[in-house]
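What follows is one structure encoded as structure tokens, with my remarks underneath.
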Amino acid sequence: MGDYQTADMHILEEKNFFKSVLDVMQIGVIVSDSNGYVIYCNETYSHFLNTDLDKIIGKYATDVVSNSRLHVVAKTGQAEINYPHKHKGIVYLVQRIPIKRLGKVVAVMALVLFDNATTAAKLAEKCSALESKLINFQEELGSIHRTRYNFDSIIGNSQAMKTAKHEAIQAATNDLPVLISGESGTGKELFAQSIHHAGARKTFPFVQVNCAAIPKDLLESELFGYTKGSFTGASKKGKPGKFEIAHMGTIFLDEIGDMPLEMQPKILRVLEMKEVERIGSNTVTPSDFRVIAATNQDMESLMKSGLFRRDLFYRLNVVPIHIKPLRERVEDILPMAYHFIQKIMKGPAGKGIKILSDAERALLDYKWPGNGRELLHTIERILVTTKTRAIGTGDLPEYFHYSENIPIRDKGAMLNDYLQKAERYAIRQALMEADNNKTNAADILGIHRTILYRKMKKLNI
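Using the working numbering, the first residue of the sequence shown is number 35, and each one after it goes up by one.
Here is the structure:
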């Protein structure tokens with residue numbers, strides 16, 4: 035007997051051996067080709083169907099079992115493990131597994147479990163129902179923790195604001211940790227929400243934690259959650275922490291510089307491991323979240339003073355974004371003021387309101403220690419207290435009228451610079467209202483057309 039004949043005999047013997055093994059198994063086995071036609075069926079499966087093998091082999095999958103999914107798995111290439119399958123009123127548990135060569139599906143094998151399969155299938159159905167409920171819960175949770183702001187909410191023409199906004203837009207395209215720095219009122223939360231809203235996680239929760247506002251003794255339970263009865267006063271049902279709630283979404287750690295030092299190693303571990311251990315529990319829960327942090331403090335000084343861990347800072351400061359104070363973005367003041375007027379008045383009511391040049395100059399001269407938040411509250415106060423639709427210096431809060439309350443300008447700043455910025459903005463606004471008609475724009479400004487042309491040339495408009 036030649037070598038080839040010997041090899042053929044071995045192959046035939048192995049084939050018969052495996053066929054014998056499959057036939058004695060109490061699990062139904064059926065195999066289709068990549069087009070969904072049955073190429074093998076063991077005796078257990080044929081008994082299950084009460085059909086002869088020759089009436090199964092070569093048939094299309096749905097001709098053998100009407101609700102078969104062999105052809106579906108052949109097309110998708112995705113395995114279906116422990117799926118409930120109903121046949122003649124009985125629920126079975128089925129595994130459909132694609133067989134691939136060089137990345138392509140060449141066959142699909144299905145295993146049908148019979149012993150205690152109905153019980154297992156019921157459990158599978160319950161799991162499927164729970165999974166569906168979980169998805170609905172996550173969607174509902176996402177709507178509760180939905181963002182109010184997006185990048186269109188960020189107003190500013192200054193180069194500093196354009197740079198910060200560009201960096202934030204870039205940050206939204208990835209999942210890296212972000213640390214936003216800036217004085218109180220500069221818009222750190224606005225930036226954080228905008229990054230989340232523009233990213234891949236926007237349909238999931240945006241969970242905000244003010245590290246400075248939560249009492250120190252409650253911070254751990256708020257962040258990590260707890261099991262029932264884990265401490266006096268704990269909920270009987272337990273409670274998930276902010277990191278758990280932020281699963282698939284974003285957690286925003288505002289005022290991170292105020293995080294207690296003893297809590298920082300635990301925060302670092304959660305950020306690195308992406309898993310949470312509730313108070314009173316010995317098990318960990320995976321949580322897939324993005325972290326954005328914000329601070330109004332000098333983090334370098336905190337680290338030098340030993341009040342903030344450097345390893346945690348480096349973990350958070352992967353994408354740093356700094357928002358400059360409003361006093362360093364003077365050209366943003368008037369656009370923001372008019373934006374706030376429109377936002378507060380809503381609709382046509384706000385379009386006719388103007389800020390007169392003397393009031394504009396006062397707004398530009400003021401240092402705004404409270405930044406954008408203070409500007410918003412100032413505009414709100416003016417709109418509530420004034421009856422006119424032309425805001426002048428007389429409509430501004432009292433502290434704008436006393437020289438001792440008006441902050442000194444930054445060293446080197448010239449009054450002429452501020453006036454030019456105010457003039458440039460006023461001319462652009464007038465041109466916009468006049469549909470770029472110079473004569474009408476001059477009338478709106480109350481100046482002669484030749485003066486308007488002269489100013490436009492001087493200001494490079």
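Backbone N, C-alpha and C define an ideal beta-carbon position, used for all residues, glycine too. Bear in mind that the values here come from a model prediction, so they are computed numbers and not experimental data.
Residue environment for N76: buried (at least 16 other C-beta atoms within 10 angstroms of its C-beta). Boundaries for I481: no alpha helix (DSSP H) harbours it, and the DSSP string shows neither H nor E there. R349 and E254 have their C-alpha atoms some 20 Å from each other. Between A95 and S102, the gap from beta carbon to beta carbon is short of 8 Å. In the structure shown, F185 adopts helical secondary structure according to DSSP, grouped into three states.
Runs of the alpha helix (DSSP H) lying entirely within the segment 337-394, each at least 4 residues long, are 344-350, 367-379 and 382-385 in chain order. The residue from I133, K89, D97 and L127 with its alpha-carbon nearest to that of V107 is I133. DSSP, read as helix, strand or coil, puts T420 in coil. In the DSSP assignment, I301 falls within the alpha helix (DSSP H) that extends over Q298 to M307.
For M195, the enclosing alpha helix (DSSP H) stretches over residues Q193 to A205. Residues V65 and D67 of the same chain have their beta carbon placed closer than 6 Å to that of I73, with the five preceding and five following residues left out of the count.
Put simply, the segment 193-206 does not touch the segment 300-315. Fewer than three CB pairs are less than 8 Å apart. Contact check for N244 and E289: beta-carbon distance about 6 Å, within the 8 Å limit, so the pair qualifies.
For C75, DSSP records a beta bridge to I64. Proximity to M490 across A468, Y260, E467 and A460 peaks at A460, based on C-alpha coordinates.
Burial check for H356: the Cβ neighbour count within 10 Å stays below 16, so the residue is exposed. About 7 Å separates the Cβ atoms of R130 and L104, confirming a contact at the 8 Å cut-off. When beta bridges are read from the DSSP output, G259 appears opposite P274. With a cut-off of 8 Å on Cβ pairs, the segment 398-408 is not in contact with the segment 462-474, counting fewer than three such pairs. Ranked by Cα distance from Y117, the options T110, K109, Y126 and G111 are led by Y126.
Assignment of beta-bridge partners to V243 by DSSP yields L287. Between the C-alpha atoms of I91 and V99 there is a straight-line separation of about 12 Å. By alpha-carbon distance to P294, the top candidate from K53, K338, T319 and I248 is I248. CA-CA distance, A396 to T237, rounds to 43 Å.
Here the alpha carbons of V352 and V212 stand approximately 6 Å from one another. According to the DSSP assignment, S215 belongs to the beta strand (DSSP E) that extends over V212 to S215. If you ignore the 5 residues before and after L368, its C-beta comes within less than 8 Å of the C-beta of I389, E394, L397, L398, A456 and Y459, all in its own chain and listed in chain order.
Check the Cα spacing between I61 and each of F52, F82 and N69: the tightest is with F82. By the criterion of a C-beta distance shorter than 7 Å, Y260 is surrounded in its chain by A268, G272, K273, R312, I313 and G314, once the five residues flanking it on both sides are discounted. The beta-bridge partner set that DSSP reports for R135 consists of K138.
Here the segment 332-344 makes no contact with the segment 221-230; the two share fewer than three CB pairs at distances below 8 Å.
Counting every other CB atom within 10 Å of its CB across the protein chains shown gives Y433 a total below 16, marking it as exposed.
Here DSSP, grouped into helix, strand and coil, assigns R130 to strand. Your pair F185 and I214 does not check out as a contact, with CB atoms roughly 14 Å apart and the cut at 8 Å. Taken through DSSP and simplified to helix, strand or coil, Y459 comes out as helix.
Residue nearest to K358 within the set T319, A280 and G219 is G219 (criterion: CA-CA distance).
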